[in-house]
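I have placed the structure first, in the form of C-alpha cells, so that the comments after it can refer back to it.
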Amino acid sequence: MTCDSSCNKRMLSVLERTLFALLLLGLQLCVTVRNAPGAERPNVILIMADDLGWGDVAYNGNPVVQTPCLDAMALEAVRLDRFYAAAPVCSPTRGSCLTGRHPYRYGIEWAGEAPLRPGELTIAETLREAGYATGHFGKWHVGGLSKTVKQSYFNSDSPPQDCAALNVRSSDNCCVGIKNTLVCFCSDNGPSYIYDYNSAGPFQGKKATLWEGGLRVPAIVEWPGRLPEGSVIDAPISTSDFYPTILAAAGIATPEGQPILDGINVMPLLEGRREDRGEPIAFQVPVKSEPDVFFDADAAMNGRADAQGRTTSNRRIGVKEAVPGSLQSAICDDRYKLISVDGGDRWRLFDLIADPGETNDLAEKQPERVRSMRTVLENWIESCERSERGEDYIQ
Ligand SMILES: [Ca+2]
C-alpha cells in the first residue's frame with residue numbers, strides 16, 4: 062500500500078488517538094506502597110495496557126506510533142522479549158495477574174463471563190496481609206459481577222488515571238519520586254483484530270487466538286538499583302509470574318492455603334542469574350465464533366472484502382482452521398510450542414527460536430516431542446479441571 066504525507070498524517074492522528082484511548086481505557090494501575098517504616102520491601106506498580114500488540118510500540122519497530130516513554134524504559138530497564146499474556150483476551154489475563162494462576166482454573170475463560178471466585182487469593186490480599194497498602198485504578202474487567210450481570214470496566218470510585226502510566230517514570234529514572242520501586246508494564250493480550258493498523262509485529266494471529274500474536278505482548282520491568290539496566294530477557298515469562306515474583310521480591314512467603322500456582326518466581330531471570338525458564342507455560346481458551354474473529358479466508362486471501370465489508374488479512378488472524386465452540390490449547394517451553402486450534406484434532410509444533418512466526422510445522426518430523434508435550438499439557442488440563450471444581454480451596 063502506498064500512502065502520501067496527508068495520508069500518513071491522518072493515519073498518525075488515528076493511531077495517536079487509538080493508542081491514547083487504549084492507555085486511557087485499558088490502564089490497570091495497581092499501586093502497592095509499604096506502610097511499615099524502615100522495611101526494605103519495594104513499592105510495586107503494575108501497569109497493564111489494553112490490546113497493545115507487540116508491534117504497536119515504537120521500540121518494537123512500529124513506524125508510526127510514537128511511544129517515547131516506553132522506548133526509554135525499554136532501553137534502560139529490563140525488556141522482556143518473550144512475554145506472554147496468560148490468555149488472548151482481557152478478563153482471563155487480568156485474573157492471572159491478580160492470582161498467579163491460569164484463569165482456566167477458576168472459570169474466567171473469556172472476557173466478562175464470570176466473576177473472580179472468593180476462594181482465590183489475590184496479590185492485593187497477600188501483600189496487604191504482609192503490611193502493604195494497595196490500590197487499583199482504571200480498568201478492572203476481571204470477569205462479570207455475576208453469571209448474568211456484566212461487569213463495569215472501571216471502579217466507580219477510581220476514574221481512569223489517563224496518562225498516569227506515562228508519568229510514573231520521570232526523567233530522573235525514578236518513579237514519581239518513590240525510591241525502591243518495582244515497576245512492571247505489559248499488555249493484556251495481542252492487538253485487536255478489528256483494524257489493520259493494530260500490529261502483532263512479526264507474529265501470526267491477533268487478539269482472541271493462541272498464536273504468538275494473540276499472546277506475546279510488550280513488557281518491561283524496572284527496579285532501579287536492583288535489576289540490571291538495559292538488559293533483554295529472551296526466556297518465556299507470563300502474566301501469571303507477577304504474583305510469585307512480587308512476593309519473592311518483597312521477601313514474602315507464599316501464604317498458607319495458597320491454591321496451586323501456574324506462575325513461577327522469575328527474579329533469577331530478571332536478575333540475569335539464569336537464562337532458561339525451565340518450566341513450560343500452558344494455555345487453554347475457547348474458540349469463539351464472533352464475526353470479528355472469523356473472517357472469510359478466501360476473500361481475505363484474494364483481497365476482497367468479507368461479509369462485514371472488511372479486508373483485514375485472515376492470514377494475520379491465523380484462526381481459519383479453528384472450530385467455533387471447541388477449545389484452543391497450547392504449551393510452550395524455552396524453545397518449542399505445541400498448539401491446537403480445533404479442539405485437539407490437529408497439533409502443530411513450532412521451534413519459536415528459529416521460527417517465531419509459526420510458519421514451519423514440525424509435528425510430523427518430531428512426533429516424540431509432540432507426544433511428550435501433549436502429555437504435559439493434558440496433565441495440566443486435568444489439574445485445571447480439578448481446580449475449577451474447587452478442589453484447591455481450603456474447605
Ligand atoms: Ca484487552
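Each position in the sequence shown, counted from 1, maps to that position plus 61 in this note's numbering. Ideal Cβ positions, reconstructed from N, Cα and C, are used throughout, including at glycine.
Those residues placing their Cβ nearer than 5 Å to any heavy atom of ligand 1 are, following chain order, D111, D112, C151, D249, N250. The beta carbon of N241 is closer than 6 Å to those of P103 in its chain, skipping five residues each way along the sequence. Here P347 is not near L399, since their CB atoms are 8 Å or more apart. Using a Cβ distance threshold of 8 Å, L177 and I169 count as a contacting pair. Distance between F303 and N440, taken at the CA atoms: about 23 Å. Contact between the stretch 272-279 and the stretch 188-200 is not established, with fewer than three Cβ pairs separated by less than 8 Å. The beta carbon of L438 sits closer than 7 Å to those of A343, S390, I392, L399, all from its chain and outside the five residues before and after it, given in chain order. For E290, the CB contacts under 7 Å within the same chain, skipping 5 residues up- and downstream, are E137, A138 in chain order.
For the pair P149 and N259, the CB atoms are not nearer than the 8 Å cut-off. Annotated three-state conformation of V431 is helix, per DSSP.
For Y304, the three-state secondary structure derived from DSSP is helix. Taking 8 Å as the cut-off, the beta carbon of G274 is found closer than this to the beta carbon of G266. Exclusion of the five residues before and after T160 leaves E181, L182, T183, Y304 as the residues of its chain whose Cβ lies within less than 7 Å of its Cβ. From the listed residues T154, D453, R162, M109, the smallest Cα separation to I325 is found for R162.
Following the DSSP letters along the chain, one finds G266 in no beta strand (DSSP E), marked with neither H nor E. Taking the Cβ atoms as the reference, W171 lies roughly 7 Å from S152, within the contact range of under 8 Å. Residue pairing by DSSP places V293 opposite R140 in a beta bridge. Note that the C-beta distance between S448 and I321 is below 8 Å.
Within the model, the alpha-carbon separation for S292 versus R140 is close to 6 Å. One thing to note: A296 has its Cβ within 8 Å of the Cβ of E336. In the three-state reduction of the DSSP assignment, V346 falls in the strand class, which pools E and B. In the structure shown, D412 adopts extended strand secondary structure according to DSSP, grouped into three states.
A check of alpha carbon separations from R338 across I313, K426, D394, I108 identifies D394 as the nearest. With respect to the 8 Å criterion, Y165 and Q345 are classified as neighbours on the basis of their beta carbons. The Cβ-Cβ distance between I294 and L331 falls below 8 Å. Beta-bridge partners of C393 (DSSP): I342, K398. Distance from the Cα of S433 is smallest, within the candidate group V118, R334, W408, H197, for W408. For A185, the enclosing alpha helix (DSSP H) starts and ends at 184-190. Restricting attention to A311, E429, V118, Q427, the CA atom closest to the CA of D142 is found in V118.
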